[in-house]
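Take a look at the structure below.
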Amino acid sequence: MLRFLARRGLSMAATLLVAAIVIFVVLEILPGDPAVAMLGVSATAENVAAIRLELGLDKPAFTRFLYWISGLFVGDLGISYSYRVPVAQLIAERLAVTVPLALLAQMLAVLMGITLGVFAAARAHSRLDAGIMALSQLGVATPNFVFGILLILAFSLTLGWLPAGGFPGWGEGGWRALRALALPAFSLSLPQAAILARITRSAMLEALSEDFIRTARAKGLTRGQIIRRHALPNALVPVITMIGLQFSFLVTGTIIVENVFSLPGLGRLVIQAIGGHDVILLKSLVLLFVGAVIVINALVDIAYGIVDPRLRKMPR
Amino acid sequence: MMKIGPETPVPASSGRLRRHARLGTACSTILAAFLCSNGLATAQNRDSVTVCQTLEPTILDPTASAAAAIREVTYANIFEGLVGFDRNSKLVPRLAESWQASPDGMKYTFKLRAGAAFHDGTPVTSADVKFSFDRAGAPDSKNPQKWIFEPIGAVAAPAPDTVEITLKTYAADFLEGLAWGDAIILSEKSVAKAATEPVGTGPYRFVRWNRGDRLVLERNDAWWGGKASIKSATFRFIADPQAQVSAMLSGDCDAFTNIGAPEAVDQLKKDGRLVVTIGSTEGETILAMNNAKAPLSDIRVRKAIAMAVDRKLVNEGAISGFGTPIGSHFSPNHPAYIDLTGEVKFDTKAAKALLAEAGLANGFKVSLRLPPPAYARRGGEIIAAMLAEIGITAEIEPVEWPQWLERVFRNKDFDLTVISHVEPMDLNIYARDGYYFGYSSPELKAAVAATKTARSEAERKAAFEAAQRQIARDQVNAFLFMLPKITVAKKGLTGMWPSWPMPANPLAELKWE
Chain A
1 MLRFLARRGL SMAATLLVAA IVIFVVLEIL PGDPAVAMLG VSATAENVAA IRLELGLDKP
61 AFTRFLYWIS GLFVGDLGIS YSYRVPVAQL IAERLAVTVP LALLAQMLAV LMGITLGVFA
121 AARAHSRLDA GIMALSQLGV ATPNFVFGIL LILAFSLTLG WLPAGGFPGW GEGGWRALRA
181 LALPAFSLSL PQAAILARIT RSAMLEALSE DFIRTARAKG LTRGQIIRRH ALPNALVPVI
241 TMIGLQFSFL VTGTIIVENV FSLPGLGRLV IQAIGGHDVI LLKSLVLLFV GAVIVINALV
301 DIAYGIVDPR LRKMPR
Chain B
317 MMKIGPETPV PASSGRLRRH ARLGTACSTI LAAFLCSNGL ATAQNRDSVT VCQTLEPTIL
377 DPTASAAAAI REVTYANIFE GLVGFDRNSK LVPRLAESWQ ASPDGMKYTF KLRAGAAFHD
437 GTPVTSADVK FSFDRAGAPD SKNPQKWIFE PIGAVAAPAP DTVEITLKTY AADFLEGLAW
497 GDAIILSEKS VAKAATEPVG TGPYRFVRWN RGDRLVLERN DAWWGGKASI KSATFRFIAD
557 PQAQVSAMLS GDCDAFTNIG APEAVDQLKK DGRLVVTIGS TEGETILAMN NAKAPLSDIR
617 VRKAIAMAVD RKLVNEGAIS GFGTPIGSHF SPNHPAYIDL TGEVKFDTKA AKALLAEAGL
677 ANGFKVSLRL PPPAYARRGG EIIAAMLAEI GITAEIEPVE WPQWLERVFR NKDFDLTVIS
737 HVEPMDLNIY ARDGYYFGYS SPELKAAVAA TKTARSEAER KAAFEAAQRQ IARDQVNAFL
797 FMLPKITVAK KGLTGMWPSW PMPANPLAEL KWE
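Protein chains in written order, with this note's numbering: chain A, 1 to 316; chain B, 317 to 829.
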């Protein structure tokens with residue numbers, strides 16, 4: 001197990017290093033100059049030179065790359081060109097919105113999706129099943145921001161129960177922050193729940209048609225017991241794969257929903273970094289996304305092992 | 317921490333049912349607490365105001381970046397200059413109580429206001445003024461408007477409340493320049509933090525900034541001008557136009573400085589709780605042309621393009637018709653403005669004839685690079701369709717800001733672009749060599765120089781008029797309209813600036829009635 005973890009860790013580090021090099025090179029090639037971006041249409045050559053000097057842009061690319069990479073190891077991601085505060089601080093502020101939002105949305109999606117999927121499978125080809133599948137079809141086909149707009153219309157503009165957007169920050173009390181995240185999390189979770197419901201249903205149907213289910217039934221187990229103890233655990237592998245993909249998507253920024261609710265999440269920070277040609281910020285953000293996806297994939301692998309003991313022993 | 321309502325008694329029944337019932341009650345309690353603590357009909361809090369705007373600044377120091385968003389937040393709120401502009405672009409005293417110019421206009425003596433102090437408590441003295449202006453005018457200064465400080469020969473501080481500025485070159489607009497946000501007074505002690513935790517002298521002090529969402533200010537009770545009416549002020553930044561409308565309709569915002577959804581104005585006007593005011597910014601919106609590149613270097617071609625563009629329709633399509641049409645690069649709010657909108661009339665036939673005269677009867681291809689704002693993207697598409705009418709194929713390419721600045725503004729790699737020049741009094745860009753639209757005219761340069769050397773208001777006005785005419789005559793760009801300022805405020809909140817002679821939202825002028 002230790003050797004497995006060490007190998008896994010090493011390959012993750014190598015992937016990250018390669019990603020870092022690619023990110024650096026690609027962003028260096030992007031046309032644009034942060035100094036010009038700051039000065040706008042009033043930029044004079046003299047001003048641009050002064051700002052480039054201050055940002056350290058006059059140094060060769062390789063030197064800057066070394067600074068950046070060595071800084072990563074000690075958690076120093078540099079100072080943002082456009083915000084003039086440490087990149088690590090900027091990212092941490094946004095993570096405090098994006099991570100709770102992603103967790104909340106994923107929790108809702110799992111709760112709704114798996115429950116509906118199991119019910120649909122248990123009553124396959126009934127009216128309930130048809131209803132759930134029709135709803136999930138709607139959920140899959142509708143983009144999350146459309147749900148966002150509809151939810152704002154209903155809960156903010158008509159009923160006035162929840163704020164239409166913005167994020168007061170955790171410092172203003174967890175309750176207010178949670179209220180601000182409610183509608184966005186719900187609108188993000190709906191399409192995800194719909195997908196999970198469909199996948200759960202088909203995986204459950206497959207599991208329910210297996211021989212061991214017949215055996216279980218012959219043993220005299222009730223319908224509920226069969227579903228809980230035998231069918232559901234065996235149906236979970238594809239569901240976990242999907243949850244992993246969904247969570248990567250939620251963490252790497254859900255730009256449109258953030259825009260609809262004007263939430264200060266990672267997605268909007270990316271947009272702002274692009275708009276201000278804040279390359280140093282952008283580099284760390286992209287690397288963070290790569291890292292997040294790698295880590296989530298690793299977690300998904302571990303989760304496979306938990307739900308399916310056969311996968312624990314498989315060589316990798 | 318999260319609060320959940322008190323445990324509700326659950327009727328005794330079978331275990332399964334009880335479990336379900338308990339779950340149901342818990343859910344409805346959570347839901348009720350969650351939804352209702354907002355309080356739908358809360359009375360307006362008169363001690364605070366939430367002013368919302370589209371763009372968020374990335375830093376707060378106007379002496380380090382030209383971004384209008386910085387000025388929208390800080391001007392006359394956190395920072396002040398010796399003098400300032402009021403809502404009618406009239407020069408008003410701020411940190412200087414009074415001033416005197418020598419008869420030859422080469423020396424200014426400012427008397428500083430007694431009682432003016434920075435937010436950290438240190439009084440504002442002539443040494444701070446000297447520090448600020450020396451810093452802004454230094455060779456390594458990053459001040460975006462260095463022209464303001466170029467005429468300065470020396471700044472002297474003969475007494476703590478007296479500043480003497482000797483000019484090395486006469487400048488008719490010197491005092492006006494000092495009213496810009498770029499000429500604020502900073503303290504040497506706190507200048508390093510001006511970008512992130514600013515310490516100014518204005519009626520509001522900086523409290524905190526949740527980047528990406530809001531910036532909170534608090535009334536500075538020690539302000540020289542007395543106490544402002546509202547104690548706590550929050551700027552919120554909402555980029556998405558639809559989200560802006562929702563934020564106004566839901567009551568999350570008390571005012572929107574310039575709403576980005578002109579198409580929603582009717583809807584907002586219908587809402588009895590809101591007041592919509594249409595004013596103007598100083599943003600001359602133009603179809604900029606690369607004067608240095610054939611065939612646009614030919615004035616007949618530029619004129620043909622200008623004639624092919626139906627300004628009214630572009631105005632209608634790009635910003636719902638709220639723009640004020642212009643015929644040159646000058647703001648109708650300025651006293652020296654002359655109406656040149658009649659110089660070029662929309663006339664497709666005449667435009668075609670002009671093209672034929674220039675030897676381009678079969679038309680040609682141009683690039684049309686469009687930056688992100690809606691006025692540019694929408695306006696650009698309409699313009700491309702109009703140019704097609706006279707045989708010009710405009711290849712639209714949407715670009716992000718950094719790419720626009722790099723390719724169009726810096727490398728001049730473009731034929732046409734749509735852009736709003738939002739800085740006030742920026743006629744002088746036409747006199748700059750190497751500016752992106754590649755125009756160079758000795759006559760215009762002379763006229764712009766004359767606006768600086770003018771010894772009287774009349775002389776200055778005449779110079780401005782000559783410059784406006786010259787730019788229109790040479791048809792440097794196609795002039796479209798002034799970008800509107802669409803202010804939305806809750807009924808009962810007064811004091812928002814209806815127009816923007818400068819991008820600014822002075823909070824001390826706001827009041828709940």
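Using N, Cα and C, we set each Cβ at its ideal position, and we do this for glycine too.
Three CB pairs or more closer than 8 angstroms across the region 217–230 of chain A and the region 517–534 of chain B
no
Excluding the five sequence neighbours on either side, which residues of its own chain have a C-beta within less than 6 angstroms of the C-beta of K777 (chain B), listed in chain order?
Position 461 of the second sequence holds residue 777 (chain B). Closer than 6 angstroms at the Cβ level, and outside the excluded window around K777 (chain B), lie A652.
So with Cβ pairs under 8 angstroms, would you call S262 (chain A) a contact of chain B?
As a first step, residue 262 (chain A) must be located in the first sequence, where it is residue number 262. It does; some Cβ of chain B falls within 8 angstroms.
Would L721 (chain B) be called buried (16 or more neighbouring beta carbons within 10 Å of its own) or exposed?
Within the second sequence, the letter at position 405 stands for residue 721 (chain B). L721 (chain B) is buried by the Cβ-count criterion.
Beta-carbon within less than 7 angstroms of V399 (chain B)'s beta-carbon, same chain only, minus the 5 sequence neighbours each way: which residues are those?
Residue mapping note: residue 399 (chain B) aligns to position 83 of the second sequence, counting from 1. For V399 (chain B), where only same-chain residues beyond five positions count, the Cβ hits under 7 angstroms are L407, V408, P409, R410, A412, L491, L494 and A495.
Does the CB of I554 (chain B) have a neighbour CB from chain A at under 8 angstroms?
In the second sequence, residue 554 (chain B) corresponds to position 238, counting from 1. True, the Cβ-Cβ gap to chain A drops below 8 angstroms.
Restricting to Cα atoms, I'd like to know which of A:W170, A:I280, A:Y304 and A:R8 is closest to I23 (chain A).
Locating residue 23 (chain A) in the first sequence gives position 23, counting from the first residue. Here the closest residue by C-alpha is A:I280.
On the DSSP letters alone, give me the boundaries of the alpha helix (DSSP H) that T215 (chain A) sits inside.
As a first step, residue 215 (chain A) is located in the first sequence; it is residue number 215 there, counting from the start. D211 to K219 is the extent of the alpha helix (DSSP H) around T215 (chain A).
Please state whether DSSP places T366 (chain B) in a helix, a strand or coil.
Translated into the one-based positions of the second sequence, residue 366 (chain B) becomes position 50. In the structure shown, T366 (chain B) sits in a strand (DSSP, three-state: E or B).
Cβ-based neighbour list, I594 (chain B), same chain, cut-off 7 angstroms, excluding 5 preceding and 5 following:
The residue given as residue 594 (chain B) occupies position 278 in the second sequence. So the qualifying residues of the chain are F638, P800 and I802.
Does the Cβ of H125 (chain A) have 16 or more other Cβ atoms within 10 Å, making it buried, or fewer, making it exposed?
Reading the first sequence from its first residue, position 125 is the one you call residue 125 (chain A). With fewer than 16 other Cβ atoms within 10 Å, it is exposed.
Once DSSP output is grouped into helix, strand and coil, what is the label at W496 (chain B)?
Counted from its first residue, the second sequence places residue 496 (chain B) at position 180. Three-state DSSP puts W496 (chain B) in coil, outside helix and strand.
Taking A820 (chain B) and W813 (chain B) to be in contact with their CB atoms under 8 angstroms, please state how far apart those CB atoms are, rounded to whole angstroms.
Position 504 of the second sequence holds residue 820 (chain B). Position 497 of the second sequence holds residue 813 (chain B). Right, the Cβ-Cβ distance comes to about 7 angstroms (below 8 angstroms), so this counts as a contact.
Just by C-beta distance, which residues in the region 746–762 of chain B are closer than 7 angstroms to chain A?
none
If distances are taken between C-alpha atoms only, which option among B:R552, B:L612 and B:G397 comes closest to I500 (chain B)?
On the second sequence, position 184 is the one that residue 500 (chain B) refers to. Out of B:R552, B:L612 and B:G397, B:G397 has the C-alpha closest to the C-alpha of I500 (chain B).
Pick helix, strand or coil for N744 (chain B), following the three-state DSSP scheme.
The count along the second sequence starts at 1 and reaches residue 744 (chain B) at position 428. Residue state, collapsed to three classes: helix.
Under DSSP, the alpha helix (DSSP H) around T664 (chain B) begins and ends at which residues?
Within the second sequence, residue 664 (chain B) is the residue found at index 348, counting from 1. Looking at the DSSP string, the run of the alpha helix (DSSP H) that includes T664 (chain B) is T664 to E673.
Can you check DSSP and say which residues form a bridge with Y391 (chain B)?
Working through the second sequence from its first residue, we reach residue 391 (chain B) at position 75. B:F395, per the DSSP bridge assignment.
Determine, using beta carbons only, whether M317 (chain B) comes closer than 8 angstroms to chain A.
On the second sequence, residue 317 (chain B) is found 1 positions in, with the first residue counted as 1. Low per-residue confidence applies at M317 (chain B): pLDDT is 34, beneath 50, and the placement is therefore not dependable, though the value from the model is reported in the following sentence. Cβ-Cβ to chain A under 8 angstroms: yes for M317 (chain B).
Limits of the unbroken alpha helix (DSSP H) element including F680 (chain B):
Walking along the second sequence from the start, residue 680 (chain B) turns up at place 364. Element bounds for F680 (chain B): not the alpha helix (DSSP H) but the beta strand (DSSP E), F680 to L686.
What did DSSP end up calling N234 (chain A) once you bin it into helix, strand or coil?
Position 234 of the first sequence, counted from the start, is the residue given in the question as residue 234 (chain A). It is helical.
Anything in chain B within Cβ reach of S189 (chain A), meaning under 9 angstroms, just list it in chain order.
Position 189 of the first sequence holds residue 189 (chain A). By Cβ distance, chain B contributes nothing, its closest Cβ being about 16 angstroms from S189 (chain A), past 9 angstroms.
DSSP on P648 (chain B), reduced to helix/strand/coil?
Counting from one through the second sequence, the residue named residue 648 (chain B) turns up at place 332. Coil, per DSSP.
So T200 (chain A) is in the alpha helix (DSSP H); what residue range does that whole segment cover?
The residue you call residue 200 (chain A) lines up with position 200 of the first sequence. From DSSP, the alpha helix (DSSP H) with T200 (chain A) extends over G174 to L208.
Please compile the residues from chain B whose C-beta is within a distance smaller than 8 angstroms of the C-beta of A50 (chain A).
For the purposes of this step, residue 50 (chain A) is taken as the residue at position 50 of the first sequence. Here the neighbours are D456, S457 and K458.
Secondary structure, alpha helix (DSSP H): runs of 4+ residues fully inside the region 471–537 of chain B:
490–494
Compare the C-beta of S82 (chain A) with all C-beta atoms of chain B and state if any pair is closer than 8 angstroms.
Position 82 of the first sequence holds residue 82 (chain A). For S82 (chain A), the answer is yes, since a Cβ of chain B falls inside 8 angstroms of its Cβ.
Report yes if the C-beta distance between A488 (chain B) and T767 (chain B) is below 8 angstroms; otherwise report no.
Position 172 of the second sequence, counted from the start, is the residue given in the question as residue 488 (chain B). Position 451 of the second sequence, counted from the start, is the residue given in the question as residue 767 (chain B). The answer is yes: Cβ separation under 8 angstroms.
Rank A:I255, A:L236 and A:I240 by C-alpha distance to the C-alpha of L188 (chain A) and give the top, closest one.
Working through the first sequence from its first residue, we reach residue 188 (chain A) at position 188. Of the listed residues, the one whose Cα sits closest to L188 (chain A) is A:I255.
Neighbouring residues, chain B, relative to V36 (chain A) (Cβ below 8 angstroms):
Against the first sequence, residue 36 (chain A) aligns to sequence position 36. Near V36 (chain A) (Cβ distances below 8 angstroms), the residues of chain B are P718, L721, E722, F725 and R726.
Does the distance from the CB of A13 (chain A) to the CB of L108 (chain A) come in under 8 angstroms?
The sequence position of residue 13 (chain A) within the first sequence is 13, counting from 1. The sequence position of residue 108 (chain A) within the first sequence is 108, counting from 1. No, these two residues do not count as a Cβ contact at 8 angstroms.
Tell whether a beta-carbon distance below 8 angstroms holds between E685 (chain B) and V715 (chain B).
The residue labelled residue 685 (chain B) in the question sits at position 369 within the second sequence. The residue labelled residue 715 (chain B) in the question sits at position 399 within the second sequence. In the sequence as displayed, the identity of residue 685 (chain B) is Arg instead of Glu. Result yes, Cβ atoms of R685 (chain B) and V715 (chain B) sit closer than 8 angstroms.
Touch test, the region 251–271 of chain A against the region 203–221 of chain A, Cβ-Cβ under 8 angstroms, three pairs minimum
no
Within the continuous alpha helix (DSSP H) that includes I256 (chain A), where are the two ends?
The residue you call residue 256 (chain A) lines up with position 256 of the first sequence. That run of the alpha helix (DSSP H) goes I255 to V260.
Please report the distance separating the alpha-carbon of I615 (chain B) from that of F725 (chain B).
The sequence position of residue 615 (chain B) within the second sequence is 299, counting from 1. The sequence position of residue 725 (chain B) within the second sequence is 409, counting from 1. If I take the Cα positions, the gap works out to 21 angstroms.
Please tell me whether I602 (chain B) has its Cβ less than 8 angstroms away from any Cβ of chain A.
Start at 1 with the first residue of the second sequence, and residue 602 (chain B) comes out as number 286. False, the Cβ-Cβ gap to chain A never drops below 8 angstroms.
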